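Asker: Quick one: this structure, given as structure tokens, is what I'll be asking you about.
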Amino acid sequence: MRLGLGPVALTSAAQVRALAEAATASSFDCVWVDGTPAAAAMVAQWTPVRVGAVVDVGLHHPLHLAEDIAVADLTCAGRLEVLLRPAHDDPGVVKEHMHVLTAALSGAHIQWEGLHLRVPGRLADNGPVPQRLALNPRPAQPAVPIWVLDDQSEWAGVADPLGFGMASRWHHGLTFGAARSRLPRAVLCPNTVEAGELIEAAGDQAGYFIVEAGTPVEVRTAGRRLAGPLRMPGFPGWVNE
Amino acid sequence: MRLGIGIFGMQSVPQRPDHHVKLYRDLLEDAELAESLGFDSIWLSEHHFWFDGYCPSDLAAAGAILGRTSKLGVGTAVMLLPMHPAARVGADAATLSRLGEGRLSLGVALGYREPEFDGFGLRRKDRGKLMDALLPELAALCAVARPAVPIYVGVATAVAAQRAGRLGLPLFADSTMNPDELREMLAAYDAAREAAGMPAPATHALQRDVFVTDDPDRDWAMLFPELRYMRRQYGAWSFPQAVGEDVAGYRERLEADIEAKLKNLIFGPALEVEGRLHEFEALGFGLIVCRSQFGNLPRPALHRAMEGLGRLAR
Numbered sequence: 001m002r003l004g005l006g007p008v009a010l011t012s013a014a015q016v017r018a019l020a021e022a023a024t025a026s027s028f029d030c031v032w033v034d035g036t037p038a039a040a041a042m043v044a045q046w047t048p049v050r051v052g053a054v055v056d057v058g059l060h061h062p063l064h065l066a067e068d069i070a071v072a073d074l075t076c077a078g079r080l081e082v083l084l085r086p087a088h089d090d091p092g093v094v095k096e097h098m099h100v101l102t103a104a105l106s107g108a109h110i111q112w113e114g115l116h117l118r119v120p121g122r123l124a125d126n127g128p129v130p131q132r133l134a135l136n137p138r139p140a141q142p143a144v145p146i147w148v149l150d151d152q153s154e155w156a157g158v159a160d161p162l163g164f165g166m167a168s169r170w171h172h173g174l175t176f177g178a179a180r181s182r183l184p185r186a187v188l189c190p191n192t193v194e195a196g197e198l199i200e201a202a203g204d205q206a207g208y209f210i211v212e213a214g215t216p217v218e219v220r221t222a223g224r225r226l227a228g229p230l231r232m233p234g235f236p237g238w239v240n241e
Numbered sequence: 242m243r244l245g246i247g248i249f250g251m252q253s254v255p256q257r258p259d260h261h262v263k264l265y266r267d268l269l270e271d272a273e274l275a276e277s278l279g280f281d282s283i284w285l286s287e288h289h290f291w292f293d294g295y296c297p298s299d300l301a302a303a304g305a306i307l308g309r310t311s312k313l314g315v316g317t318a319v320m321l322l323p324m325h326p327a328a329r330v331g332a333d334a335a336t337l338s339r340l341g342e343g344r345l346s347l348g349v350a351l352g353y354r355e356p357e358f359d360g361f362g363l364r365r366k367d368r369g370k371l372m373d374a375l376l377p378e379l380a381a382l383c384a385v386a387r388p389a390v391p392i393y394v395g396v397a398t399a400v401a402a403q404r405a406g407r408l409g410l411p412l413f414a415d416s417t418m419n420p421d422e423l424r425e426m427l428a429a430y431d432a433a434r435e436a437a438g439m440p441a442p443a444t445h446a447l448q449r450d451v452f453v454t455d456d457p458d459r460d461w462a463m464l465f466p467e468l469r470y471m472r473r474q475y476g477a478w479s480f481p482q483a484v485g486e487d488v489a490g491y492r493e494r495l496e497a498d499i500e501a502k503l504k505n506l507i508f509g510p511a512l513e514v515e516g517r518l519h520e521f522e523a524l525g526f527g528l529i530v531c532r533s534q535f536g537n538l539p540r541p542a543l544h545r546a547m548e549g550l551g552r553l554a555r
């Protein structure tokens with residue numbers, strides 16, 4: 001089981017830094033920000049643990065997102081994670097953006113011909129231009145871990161072949177179902193969740209629980225309550241007393 | 242006179258093909274050094290889809306620097322605005338300005354390399370129209386950010402200066418322009434600004450190739466191949482090999498351009514460099530961004546130059 005903090009609202013440097021430092025001191029695996037890879041790159045300088053960016057996909061050109069991810073991952077020497085939030089009304093657009101994003105991050109020499117995207121453009125007005133392009137530099141990680149936020153189970157058919165993990169918001173009665181990805185299922189949780197209900201939801205699988213907390217005290221309290229039980233069955237509760 | 246240091250592109254150049262993990266680690270160390278030396282700011286450059294991995298995302302790199310440092314300004318020199326949605330840049334810049342406590346500046350310019358426009362499905366010939374549409378939108382977003390994000394408009398021609406003048410935005414003048422060309426451009430800028438009824442900005446920024454040395458013979462032998470690489474690269478982007486042009490002839494054409502551009506390099510001991518920089522300050526450039534990093538210089542050489550220039554920054 002993994003434990004993340006966030007997504008943290010990007011209010012001020014002092015507040016975000018205090019939360020990141022509390023997460024580091026409370027055994028969280030990752031600090032997630034509600035913002036782009038650039039913001040995550042900044043937060044990565046304030047913590048030695050992993051950092052996550054929650055970003056919209058489908059609004060802007062996926063090559064820009066791929067470039068942001070690559071550079072942010074390089075600045076933190078391979079500690080970046082990404083949660084994609086589908087943000088276009090047309091699922092076809094989102095799907096193509098996910099494909100191009102994945103292809104670009106892989107370092108492949110890409111040529112994409114879709115209904116909504118053509119990469120590279122190969123526009124006659126541009127004169128002689130390469131027929132393929134590659135993202136360079138590539139991320140530090142061989143495969144940046146990427147999840148797709150999918151509350152209605154719409155995206156699994158697209159996300160699975162691309163190697164993305166699935167993420168959803170916590171609700172009572174949540175169960176994970178069969179494992180589909182090498183990445184653990186991610187769940188965005190309120191600060192009130194208890195370890196027992198998270199373990200029950202996961203069943204036989206690993207879970208990645210990303211927990212909201214607005215103050216360093218809340219971060220420490222959540223870490224103390226959740227980290228031990230999530231990581232080892234039969235965690236002796238008296239350790240925390 | 243405020244002194245910035247640049248221009249960092251984190252390039253894995255053929256003569257020193259470091260891995261990009263190291264290049265970005267070096268960048269953060271160089272930013273810490275710049276801050277300790279008293280520089281006003283550090284500046285990053287952007288290009289896309291190039292074999293040496295030239296930095297394609299200045300804002301992601303800027304975020305890391307803002308997180309690592311506490312006083313140093315961070316700027317883009319320059320972001321190729323026609324390739325970016327203004328809403329996306331404006332939102333990201335506002336976030337970094339808030340978390341970076343007002344230390345982010347955006348230099349923006351047209352861009353010119355066709356494969357970059359083509360990669361994003363854009364026509365190079367549309368870049369002027371795109372800039373006309375995107376620049377006011379970005380300026381409005383940056384003005385309402387808290388703290389506001391200063392915008393400088395990268396220019397190498399009078400037409401570009403007039404565009405900036407109509408919006409009353411300060412200039413970020415190209416490193417290859419000589420004092421006479423700069424004067425002409427400033428005149429065109431002022432005329433357009435006054436015609437639009439815009440107030441004069443507090444100052445303009447200028448990019449210059451500057452290398453401070455206490456041993457010119459030693460450092461020129463080191464520097465010249467690096468400068469030649471950089472100028473060949475920019476030259477090849479500005480005027481690519483023509484269809485049917487043989488490689489030898491093309492390289493000759495590039496070399497002629499390199500010779501012309503090197504004339505604008507300020508190279509010498511600190512006092513001599515200081516005098517030259519004050520000449521540009523007198524033209525109206527209160528912020529001078531000194532390019533002392535050319536591609537990926539040997540680190541001891543880069544740090545010697547930064548330390549020499551840092552004496553002027555203080």
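In order, the protein sequence lines correspond to chains S and C.
If you're matching positions, the first sequence starts at 1 in the working numbering and goes up one per residue.
If you're matching positions, the second sequence starts at 242 in the working numbering and goes up one per residue.
Glycine included, C-beta positions come from ideal geometry on N, C-alpha and C.
None of these values were measured; they are calculated from a predicted model.
Note down, in chain order, all residues in the segment 15–44 of chain S with a beta-carbon under 8 Å from any beta-carbon belonging to chain C.
Answerer: So the close ones are V16, G35, T36, P37, A38, A39, A40, A41, M42, V43 and A44.
Asker: Quick one: is L115 (chain S) buried, meaning 16 or more other Cβ sit within 10 Å of its Cβ, or exposed?
Answerer: When all chains shown are included, L115 (chain S) counts as exposed.
Asker: Where does P391 (chain C) sit, in a helix, a strand or coil, going by DSSP?
Answerer: The answer is coil: DSSP assigns P391 (chain C) none of H, G, I, E or B.
Asker: Please report the straight-line C-alpha distance between L410 (chain C) and H445 (chain C), rounded to a whole angstrom.
Answerer: If I take the Cα positions, the gap works out to 9 Å.
Asker: Helix or strand or just coil, what does DSSP make of D259 (chain C)?
Answerer: Three-state result, D259 (chain C): coil.
Asker: Quick one: which chain C residues come within Cβ less than 9 Å of P86 (chain S)?
Answerer: The contacting residues do not exist; P86 (chain S) stays about 17 Å from chain C at best.
Asker: Identify every run of the alpha helix (DSSP H) within the segment 456–488 of chain C, keeping only runs that are complete inside it and at least 4 residues long; order them along the chain.
Answerer: Correct list: 457–479.
Asker: At a CB-CB cut-off below 8 Å, which residues of chain S make contact with H325 (chain C)?
Answerer: Within 8 Å Cβ-Cβ: H64.
Asker: State the Cα-Cα distance for the pair R17 (chain S) and A143 (chain S), rounded to the nearest angstrom.
Answerer: Spanning the two alpha carbons is a distance of roughly 27 Å.
Asker: Would you kindly report the start and end of the unbroken beta strand (DSSP E) that includes V254 (chain C)?
Answerer: V254 (chain C) -> no beta strand (DSSP E), and no H or E assigned at all.
Asker: Find the residues of chain S that neighbour Y265 (chain C), judging by a C-beta separation of less than 7 Å, and give them in chain order.
Answerer: Result: L74 and T75.
Asker: At a Cβ threshold of 7 Å, is H10 (chain S) touching chain C?
Answerer: The sequence as given places Leu at residue 10 (chain S); His does not occur at that position. Taking Cβ atoms only, chain C reaches closer than 7 Å to L10 (chain S), which makes this a yes.
Asker: Rounded to whole angstroms, what's the CA-CA distance from M372 (chain C) to R231 (chain S)? Just pull it up for me.
Answerer: When rounded, the distance between both Cα atoms is 53 Å.
Asker: Output, in chain order, the set of chain S residues within a Cβ distance shorter than 7 Å of F296 (chain C).
Answerer: The amino acid at residue 296 (chain C) is misidentified as Phe; the sequence shows Cys. Simply V71.
Asker: My guess is that V514 (chain C) and L553 (chain C) are in contact by the Cβ rule of under 8 Å, so how many angstroms apart are they, rounded?
Answerer: That pair is a contact at about 7 Å.
Asker: State buried or exposed for T102 (chain S), treating a residue as buried only when at least 16 other CB atoms are found within 10 Å of its CB.
Answerer: Buried.
Asker: Just to confirm, is the Cβ distance from V129 (chain S) to P356 (chain C) under 7 Å?
Answerer: In this structure, P356 (chain C) lies closer than 7 Å to V129 (chain S) by Cβ.
Asker: Please check if any C-beta of chain S sits within less than 7 Å of the C-beta of K366 (chain C).
Answerer: Yes, contact with chain S.
Asker: Here's a check: name, in chain order, each residue in its chain whose Cβ is nearer than 6 Å to the Cβ of M426 (chain C), leaving out the five neighbours to either side.
Answerer: Within the same chain, M426 (chain C) has close Cβ partners A399 and A402.
Asker: With a threshold of 7 Å between beta carbons, is E96 (chain S) in contact with chain C?
Answerer: For E96 (chain S), the answer is no, since every Cβ of chain C falls outside 7 Å of its Cβ.
Asker: Tell me which residues share the same chain as T75 (chain S) and place their Cβ nearer than 6 Å to its Cβ, disregarding the 5 neighbours each side in the sequence.
Answerer: Excluding residues within five positions, the ones whose Cβ falls inside 6 Å are A41.
Asker: Name, please, each residue of chain S whose Cβ falls closer than 8 Å to the Cβ of R329 (chain C).
Answerer: By Cβ distance, chain S contributes L59, H60 and H64.
Asker: Given a cut-off of 7 Å on the beta-carbon distance, is the pair L340 (chain C) and V390 (chain C) in contact?
Answerer: Cβ distance not < 7 Å, so L340 (chain C) and V390 (chain C) don't count as in contact.
Asker: Distance, Cα to Cα, D160 (chain S) vs H60 (chain S)?
Answerer: The straight-line gap from Cα to Cα measures roughly 23 Å.
Asker: Going by the beta-carbon positions, is the gap between D498 (chain C) and G476 (chain C) smaller than 7 Å?
Answerer: Against a cut-off of 7 Å, the Cβ pair of G476 (chain C) and D498 (chain C) comes out as a contact.
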